[in-house]
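Each remark here refers to the structure printed beneath this line.
Numbering (my numbering), first residue to last: 15 to 233.
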């Protein structure tokens, strides 16, 4: 009986260690769920747009710039961890109806963007998008609102802490990947296993811009 119990514990321990290794080595795949198929463009919702290609540390990043007539503000939109920019047309239409310019971009590995997604690369991607608005569109930093949804909220928070935009909007985001991981995988040592962190709680205090944080209890 003890031998059977010992064998069972050994097998259980090996399975547990194996799952920990999967979480450690494959967590990028767990975090990012890109789609490369850009099946529609803003034209589908009657928006005039510009196809834009950015350079983010030698990685080509695809973006759309949607201008609005007599706009005084520009919104830099950071989407979530799945799909690509073609899945955000409803958001683009809504923002355009408010009379603001919009720049939406795909992270590396998403949509038509080259490369592979990673935490560090998403920061480089959003920084390239920020520089495009300032350098190519002559936008004043105080006239740029950075809007992040879900994982994009962590990317937007990082940029806002670094660049001090006119405002920061966070929708349905999280405080950190570790906090989210502890909630989703309570039986695993997430703090030790996490290589992707997106620790917004550690840097949001550095954001001096006005902040609007939106979240639903049902999300």
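Glycine included, each C-beta is placed from N, C-alpha and C at the ideal position.
DSSP places residue 225 within a strand segment (E or B) once states are collapsed to three. For residue 204, the enclosing alpha helix (DSSP H) begins and ends at 204–207. The Cβ neighbour count for residue 135, taken over all protein chains shown within 10 Å, is at least 16; the residue is labelled buried. Around residue 95, the same chain offers 45, 46, 47, 164, 165 as residues with beta carbons nearer than 7 Å, after the five sequence neighbours per side are excluded. In the three-state DSSP reduction, residue 69 falls in the strand class (E or B). Counting every other CB atom within 10 Å of its CB across the protein chains shown gives residue 228 a total below 16, marking it as exposed.
When the Cα atoms are used, residue 208 and residue 190 turn out to be separated by approximately 11 Å. In this structure, the CA atom of residue 225 is about 30 Å from the CA atom of residue 49. It is roughly 17 Å from the alpha-carbon of residue 68 to the alpha-carbon of residue 52. Using a Cβ-Cβ distance cut-off of 8 Å, the region 191–205 and the region 171–180 are not in contact, since fewer than three pairs of beta carbons, one from each stretch, lie closer than that value. Collapsing the DSSP output to three states places residue 195 in a helix.
Looking only at 161, 79, 112, the smallest Cα-Cα distance to residue 150 is reached by 79. The alpha-carbon separation between residue 175 and residue 41 amounts to approximately 26 Å.
The way I'd put it, the region 69–76 does touch the region 137–154; three or more beta-carbon pairs between them come closer than 8 Å.
Between residue 125 and residue 107 the beta-carbon gap is near 18 Å, outside 8 Å, which marks them as no contact. Contact between residue 172 and residue 217 holds: CB atoms are separated by about 7 Å, below the 8 Å threshold. For residue 116, the enclosing beta strand (DSSP E) begins and ends at 115–119.
Inclusion of residue 121 and residue 66 in the CB contact set at 9 Å is not warranted, their separation being larger than that value.
Bounds of the alpha helix (DSSP H) holding residue 173 are 165–177.
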